[in-house]
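S.K.: Chains as they are written, first to last, in our numbering: chain G, 1 to 148; chain B, 149 to 296.
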DNA sequence: ACAAATGATACTATTATGGTATCATTTACA
DNA sequence: TGTAAATGATACCATAATAGTATCATTTGT
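In structure tokens:
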């Protein structure tokens, strides 16, 4: 069982790359090269990210993608929502019938608690926080390397 | 996304029923009637539970199933392990290649934490604890306490 | 006009899930 | 000792989700 599927994962990588370009427009072609994601699949993912208001796209020659909102405001829970639908660990298997077993509804409550925890944690994981540490490292290196 | 699939759920219901029979041998046919689970599917599930040492089966006329170990020692994590394989929320999507994106490995660490939490909570949910509340009610009703 | 980009969308392949179906084996007991 | 009642093993099938492909339409800078 995977919590994160491929399209969510690819989306996250793509977003991270775009963030690092600091506002520059990035094309799908570039992302394909850098991230080694199959082109048509990535294109579909980028289109979703555009529809969902995470990336802005510009069409035509010289077009591409850039961030639609601050990296801090893009979290894993939202991405999972887009590519995997609402995350419900809990989904009762006897929706329509009356649940034939009272015991399992006790189960439902306990799984609900776990679900709540997971959602809360996923919401905490935002793109900015994933990048922050590395950015610090980069700046340190920069500082040593280029003195001009 | 579901944390618990049907066979795990059915297995749990079946086990709960068997537990309530207090050591009596229960047949697949009985379980089919009471739990309204498709017969061949339930049979397969029961066979798994037998193989995995959760139920003991006796063959032949008058045969059936009973618990192989105390209800307290059967937990959801084990059942999920049997029917859904080891639960890994985390599964890195770039196992063989070097991970092209260091950022995502920070992600891995954060998801690992969530996974650890989830596994710990699932291990806490055992059959005895799911039934305990109801058992208390039963005891109040028939007023004869033969616990020891 | 044309090349370079994205948008929309329909199709396909693979895998996991949720089952069925069948035959073999064991056992109680009439 | 034969048969019905039970489980064991296993191969098969249907549906849905995931992971992709393919194609054509649209926009835009030069």
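The C-beta atom is built at its ideal place from N, Cα and C for all residues, glycine as well.
The model shown is predicted, which means the values in this text are computed figures rather than measured ones.
The alpha helix (DSSP H) with residue 173 of chain B in it runs from where to where?
M.R.: Careful: residue 173 of chain B lies outside any alpha helix (DSSP H) and carries neither H nor E.
S.K.: Within the chosen definition, does the segment 117-134 of chain G reach the segment 184-198 of chain B through at least 3 CB pairs nearer than 8 Å?
M.R.: no
S.K.: Where does residue 160 of chain B sit, in a helix, a strand or coil, going by DSSP?
M.R.: Residue 160 of chain B: helix per DSSP, three-state reduction.
S.K.: Using a Cβ-Cβ cut-off of less than 9 Å, list which residues of the segment 104-126 of chain G approach chain B; keep chain order.
M.R.: Taking 9 Å as the Cβ-Cβ cut-off against chain B, the residues of the segment 104-126 of chain G that qualify are 104, 106, 107, 110, 111, 113, 114, 115, 117, 118, 121, 122, 124 and 125.
S.K.: What three-state label does DSSP hand residue 201 of chain B in the structure shown?
M.R.: Coil at residue 201 of chain B, not helix or strand.
S.K.: Of all the residues that make up the segment 57-69 of chain G, which are near chain B by a beta-carbon distance shorter than 8 Å?
M.R.: Taking 8 Å as the Cβ-Cβ cut-off against chain B, none of the residues of the segment 57-69 of chain G qualify.
S.K.: Have a look at residue 85 of chain G and residue 79 of chain G and give me their C-alpha separation to the nearest angstrom.
M.R.: 9 Å
S.K.: Excluding the 5 residues preceding and the 5 following residue 55 of chain G in the sequence, name in chain order all residues of the same chain whose CB lies nearer than 6 Å to its CB.
M.R.: 49, 65 and 68
S.K.: Sorted by chain position, which residues of the same chain lie with C-beta nearer than 6 Å to residue 2 of chain G's C-beta, five sequence neighbours on each side aside?
M.R.: none
S.K.: Which chain G residues sit within Cβ distance under 7 Å of residue 232 of chain B?
M.R.: 1
S.K.: What are the boundary residues of the beta strand (DSSP E) that includes residue 215 of chain B?
M.R.: 212-215
S.K.: Among B/189, B/165, B/191 and B/192, which has the Cα closest to the Cα of residue 147 of chain B?
M.R.: For residue 147 of chain B there is no data in the structure shown, the boundaries of chain B being 149 and 296.
S.K.: Going along chain B in order, which residues have a C-beta closer than 8 Å to the C-beta of residue 77 of chain G?
M.R.: Under the 8 Å cutoff, chain B gives no residues; its nearest Cβ is about 11 Å from residue 77 of chain G.
S.K.: Does DSSP put residue 206 of chain B in a helix, in a strand, or in coil?
M.R.: Collapsing the DSSP output to three states places residue 206 of chain B in a strand.
S.K.: For residue 159 of chain B and residue 190 of chain B, I'd like the C-alpha separation in whole angstroms.
M.R.: 8 Å
S.K.: Flag this pair as yes or no: are the beta carbons of residue 307 of chain B and residue 270 of chain B separated by less than 7 Å?
M.R.: Nothing can be reported for residue 307 of chain B, as the shown portion of chain B is limited to 149 through 296.
S.K.: So, at 6 Å on beta carbons, what are the nonlocal neighbours of residue 175 of chain B in its own chain, with the 5 sequence-adjacent residues on each side left out?
M.R.: 212
S.K.: Any C-beta of chain B sitting closer than 7 Å to the C-beta of residue 96 of chain G?
M.R.: Low local confidence applies: a pLDDT of 37 at residue 96 of chain G is under 50, so the model's placement there is unreliable, with the coordinate-based value given in what follows. Output row for residue 96 of chain G: interface = no.
S.K.: Could you tell me the distance, in whole angstroms, from the CA atom of residue 20 of chain G to the CA atom of residue 31 of chain G?
M.R.: Near 12 Å, if we compare the C-alpha coordinates of residue 31 of chain G and residue 20 of chain G.
S.K.: Give the straight-line distance between the Cα atoms of residue 129 of chain G and residue 280 of chain B, rounded to the nearest whole angstrom.
M.R.: 43 Å
S.K.: Below 8 Å on C-beta distance, what does residue 235 of chain B contact in chain G?
M.R.: Here the neighbours are 1.
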